[in-house]
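Each residue of the sequence shown is one higher than the one before, starting from 1 at the first, in UniProt numbering. A virtual CB, placed ideally from N, CA and C, is assigned to each residue, including glycine. Predicted model, so just to flag it, every value in this text is computed and none were measured.
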Amino acid sequence: MQDLPEYLTVKQFAETYPAFTAGGLRSAIFWKGDELENAGAIARLGRRVLINTPVFLRLVQAGGLRSVRGAA
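As structure tokens, then:
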């Protein structure tokens with residue numbers, strides 16, 4: 001059974017999890033947005049981006065954002 005999505009805006013996520021800055025999240029979404037969306041870690045509603053908290057945190061823990069801008 002999959003987790004129910006727990007969506008937060010970028011600002012809400014950064015406030016809830018202070019290890020993540022809003023700027024860092026926006027950079028990751030800019031560079032890896034399609035990958036995050038395909039994984040179910042984010043959802044887009046027009047210009048608004050919502051972060052699916054459990055999926056996003058699992059992706060980070062698995063090293064999915066180790067390289068954000070294509071650097072080694």
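Taking a C-beta distance under 8 Å as the contact criterion, L59 and A41 qualify as a contact pair.
For L57, the uninterrupted alpha helix (DSSP H) segment begins and ends at T53 to Q61.
Cβ-Cβ separation between L8 and L50: approximately 7 Å, consistent with a contact (criterion under 8 Å). Annotation: the continuous beta strand (DSSP E) that includes A43 extends over I42 to L45.
Looking only at R47, A39 and A14, the smallest Cα-Cα distance to A22 is reached by A14.
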